[in-house]
Amino acid sequence: MCVLLVLASCSNDDYQPISYDNPEITLNIPEGFPDLNITATTNAPTTYGVVLGKKLFHDKRLSADNTIACASCHIQANAFTDNLSKAIGIEGRVGLRNTPPIQNMAFMQFYNWDGNKLVLENQPLVPIITHEEMDSSILEVIGKIENDQEYIELFNKAFGDEAVTNDRIFNSIAQFEYTLISANSKYDKVIREEGVTFTKSEAQGYQIFKDKCISCHSTELFTDQSFRNIGFPINTDSEEGGRSRVTREVDDYLRFRVPSLRNIEYTAPYGSFGQFNTLKDLLDYLDNGVVDAENLDPILKDNGNKISLTEEEKTHLISFMKTLSDTEFIGQ
Amino acid sequence: MKNFKKYLLLSLSTLAIVSCSDDDAPVANNVTLEFNNTFGNETIVLGNANSTEATTNTSAEGQIHHFEELKYVISNIRLIKEDGTEIPYNVNDLDNGATVINQAKTETLQYVLNDIPTADYSQIKFGLGVKTSLNTLDEVSFPNFYAAAGENDTQMHWEWGTGYRFTKIEGFYDNDNKTLSFHSGSTIDEDPDDTTGESFIQGVDAYRDITLNLPTLATVGNSAPKIVIKADLNKFLSGDTHTITLVTAENITNNATPSAHTATEMMRFVDNIGGTGDTNTTGMFSITSVEN
């Protein structure tokens with residue numbers, strides 16, 4: 012054993028990795044956004060950390076059979092979700108829920124539909140090991156990439172030495188995700204008075220939004236990050252409990268995190284398991300009346316289990332929601 | 037660094053092999069924990085829906101049931117000397133201090149503790165499940181336990197919660213053999229990062245600390261004692277804390293549900309089998325005998 016240790020130390024000491032300058036990336040906090048999460052500052056994105064995270068995000072070797080990358084479901088053109096009702100992992104395995112978009116994560120307090128993760132760095136392991144997603148393991152992933160010269164170089168550049176570790180994988184993916192900030196939509200430009208104005212329909216839609224939607228889709232993130240049951244068609248999968256899966260409280264049964272409306276034009280289908288193909292379908296459903304439940308949100312209960320909207324109002328609302336599209340963000 | 041780790045692992049495994057070969061003779065400083073999973077006094081025989089051999093049980097509420105699968109995690113084992121001194125057994129090392137008891141695998145029903153200091157012991161403590169600080173599915177730190185718990189026929193990973201399943205019971209209930217499925221695990225999570233400046237904690241802790249007095253002293257050193265621990269699964273539905281009626285999964289707001297995936301009632305089962313953590317620290321467990 013001693014001999015082996017000596018050998019190991021020798022080979023380590025002989026080697027001097029080249030050190031690189033790896034400056035931090037300044038995250039510009041858009042006007043009106045909340046403060047950055049503390050982890051976005053303690054695990055602050057660096058130039059090479061983000062390059063590494065982005066490479067890992069797109070690497071199919073993170074899945075057991077090398078067919079699925081994070082980016083397979085989190086597609087930039089769809090604001091980093093896909094156009095499927097439920098996520099599809101390796102071997103066509105169908106997951107429980109609709110893939111959430113990845114945007115403005117540096118400002119979010121809860122991740123996923125049920126808010127099971129509170130710290131972004133703790134999230135990447137979930138898809139890596141989940142049977143219906145990548146069905147791999149972190150040692151399997153490390154084994155696949157630790158002898159890859161490009162990775163060795165990037166780990167060195169990002170973290171100061173060549174060690175390929177689980178924490179570095181999670182941290183760099185989170186660093187990449189922290190840089191995915193969307194705040195350059197038409198709406199933002201109008202609010203910032205950059206010489207852009209709403210059309211008549213968009214302006215009317217904005218007013219309707221403020222009357223009927225903003226209690227949940229509040230703040231510049233367009234979500235108040237609360238968990239609510241708004242009576243959408245129920246996912247009958249026995250795994251689904253909504254927020255109660257985390258809290259084990261009856262009150263939280265089938266409550267879900269209010270999703271952001273940013274880039275909603277690109278994130279169809281809508282709902283926790285893609286119940287609605289179009290925004291029109293979703294608004295029609297809210298207008299017609301939702302599924303009743305003991306814990307149905309009081310705002311709906313007080314309004315006869317519906318959000319009444321005329322056809323004209325729906326058209327205007329959709330016009331407004333499309334002003335939240337950030338073409339730069341989705342890479343157009 | 038990674039090379040160093042590899043060599044270290046290699047060296048450690050070499051050491052382990054050496055130690056193993058030394059262990060051929062019975063070692064007086066071993067303590068064997070033997071788990072006997074029962075309904076009352078009858079050792080459980082597993083079986084599928086139509087099995088005629090499976091042990092059936094009837095709950096306090098009159099519901100007949102039997103199991104097809106029965107697994108639980110034991111960790112954080114401590115032996116307590118007569119004078120009250122606690123001897124922890126690899127309590128922060130899941131690879132060497134935790135195990136999955138699986139009724140379908142006889143070899144898992146005995147768990148051998150090595151190198152226990154010579155003394156007379158009057159009490160044993162252990163955890164049902166994994167304490168929160170270690171419950172992170174950390175394959176890098178504990179590759180062996182991670183692998184053992186994750187095997188296809190074991191399935192004790194709770195992927196979405198990045199923790200271990202503490203209990204997995206699959207079975208059937210009522211005369212029409214409706215499916216019974218109970219999985220427990222912790223969902224507790226802390227966000228040190230909350231913008232309010234205070235950490236935010238959510239979820240439930242399903243880990244339970246069990247304390248059992250030994251009816252006779254376990255004399256380690258002179259002999260290698262065997263402690264026979266009974267887990268009476270009758271308490272699963274008919275516990276000291278809760279009397280549970282199984283209902284269909286659609287009826288979640290009722291007394292309980294046999295499907296733990298959606299179970300808002302998971303903690304009632306946990307209290308029954310693992311105790312409440314305060315007034316009840318035995319749950320379904322008791323000591324049958326200490327064989328010195």
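Sequence lines, in order, name chains A and B.
To convert, take the position in the first sequence, counting from 1, and add 11; that gives my numbering.
To convert, take the position in the second sequence, counting from 1, and add 36; that gives my numbering.
Don't be surprised by glycine CBs; every beta carbon is placed ideally from N, CA and C.
Cross-strand partners of residue i (DSSP beta bridge)
| i | result |
| --- | --- |
| residue 234 of chain A | Residue 234 of chain A pairs with nothing; no bridge assigned. |
| residue 126 of chain A | Answer is none; residue 126 of chain A lacks a bridge partner. |
| residue 138 of chain B | B:107 |
| residue 156 of chain B | B:255 |
| residue 244 of chain B | B:164 |
| residue 268 of chain B | B:74 |
| residue 114 of chain B | B:124 and B:161 |
| residue 218 of chain B | B:205 |
| residue 100 of chain B | B:94 |
| residue 194 of chain B | B:199 |
| residue 203 of chain A | Answer is none; residue 203 of chain A lacks a bridge partner. |
| residue 105 of chain A | A:99 |
| residue 146 of chain B | B:70 |
| residue 281 of chain A | A:287 |
| residue 249 of chain B | B:159 |
| residue 263 of chain B | B:69 and B:326 |
| residue 225 of chain B | B:238 |
| residue 279 of chain B | B:274 |
| residue 240 of chain A | A:307 |
Endpoints, the alpha helix (DSSP H) within which residue i is located
| i | result |
| --- | --- |
| residue 180 of chain A | 177 to 189 |
| residue 211 of chain A | 211 to 223 |
| residue 257 of chain A | 255 to 258 |
| residue 305 of chain B | 302 to 310 |
| residue 151 of chain A | 149 to 156 |
| residue 164 of chain A | 160 to 170 |
| residue 76 of chain A | It is not in any alpha helix (DSSP H) - residue 76 of chain A carries neither H nor E in the DSSP assignment. |
| residue 330 of chain A | 322 to 333 |
| residue 131 of chain B | 130 to 133 |
| residue 179 of chain B | 179 to 186 |
| residue 131 of chain A | Unbroken run through residue 131 of chain A: none, as it is neither H nor E. |
| residue 340 of chain A | First-last for residue 340 of chain A: undefined, no H or E at that position. |
Buried versus exposed, by CB contacts within 10 Å (16 or more), residue i
| i | result |
| --- | --- |
| residue 105 of chain A | exposed |
| residue 200 of chain B | buried |
| residue 141 of chain B | exposed |
| residue 31 of chain A | exposed |
| residue 138 of chain B | buried |
| residue 60 of chain A | buried |
| residue 270 of chain B | buried |
| residue 175 of chain B | buried |
| residue 331 of chain A | buried |
| residue 119 of chain B | exposed |
| residue 235 of chain B | exposed |
| residue 143 of chain A | buried |
| residue 16 of chain A | A caution first: residue 16 of chain A carries a pLDDT of 41, below 50, which makes its placement in the model too unreliable to give a value. |
| residue 294 of chain B | Because the pLDDT of residue 294 of chain B is 43, which lies under 50, any placement of that residue in the model is unreliable, and the question is left without a value. |
| residue 228 of chain B | exposed |
| residue 276 of chain A | buried |
Residue interval of the beta strand (DSSP E) (run including residue i)
| i | result |
| --- | --- |
| residue 68 of chain B | 67 to 75 |
| residue 325 of chain B | 321 to 327 |
| residue 269 of chain A | Careful: residue 269 of chain A lies outside any beta strand (DSSP E) and carries neither H nor E. |
| residue 236 of chain B | 236 to 238 |
The ligand COA heavy atom lying under 7 Å from the CB of residue i
| i | result |
| --- | --- |
| residue 134 of chain A | Absence of the ligand COA from the depicted structure is noted, as is the absence of any ligand whatsoever, leaving it without description. |
Any residues in the segment 178 to 202 of chain B with a beta carbon nearer than 8 Å to a beta carbon of chain A? Which ones, in chain order? 179, 182, 186, 193, 195, 196, 197 and 198
What residues in the segment 212 to 234 of chain A have a beta carbon less than 7 Å from any beta carbon of chain B? none
Please list the residues of the segment 62 to 94 of chain A that have a C-beta atom closer than 9 Å to any C-beta atom in chain B, keeping them in chain order. none
Residues, ordered as in the chain, of the segment 127 to 141 of chain A that lie near chain B by beta-carbon distance below 8 Å: 127, 128, 129, 130, 133, 136, 137, 140 and 141
Selection of the segment 100 to 122 of chain B by Cβ proximity to chain A, strictly under 9 Å: none
Please list the residues of the segment 270 to 304 of chain A that have a C-beta atom closer than 9 Å to any C-beta atom in chain B, keeping them in chain order. none
Indicate whether the contact test is met: 3 or more Cβ pairs, each with one atom in the segment 305 to 321 of chain B and one in the segment 264 to 283 of chain B, closer than 8 Å. yes
Are the segment 177 to 188 of chain B and the segment 78 to 92 of chain B touching, with three or more C-beta to C-beta distances below 8 Å? no
Residues of the segment 149 to 162 of chain A with a CB closer than 7 Å to any CB of chain B: list them in chain order, please. 149, 150 and 157
Are three or more beta carbon pairs between the segment 238 to 257 of chain B and the segment 146 to 163 of chain B nearer than 8 Å? yes
What residues from the segment 175 to 207 of chain A come within 9 Å of chain B, judged by C-beta to C-beta, listed N to C? 175, 176, 177 and 178
Determine contact between the segment 162 to 181 of chain A and the segment 46 to 66 of chain A, defined as no fewer than three beta-carbon pairs at a distance below 8 Å. yes
Measuring CB atoms only, is the segment 195 to 214 of chain A touching the segment 84 to 98 of chain A, in the sense that at least three cross pairs come out at less than 8 Å? no
Do the segment 245 to 253 of chain A and the segment 324 to 338 of chain A make contact, defined as three or more Cβ pairs closer than 8 Å? no
Could you name the residues of the segment 245 to 259 of chain A whose beta carbon sits closer than 8 Å to any beta carbon of chain B, in the order they occur along the chain? 249, 250, 251, 252, 255, 256, 257, 258 and 259
Closer than 9 Å, Cβ to any Cβ of chain A: which residues of the segment 308 to 321 of chain B, in chain order? none
Chain-ordered residues of the segment 210 to 224 of chain B with a beta carbon less than 7 Å from chain A: 223
Inter-stretch contact at 8 Å, needing at least 3 Cβ pairs: the segment 238 to 246 of chain A / the segment 298 to 317 of chain A: yes
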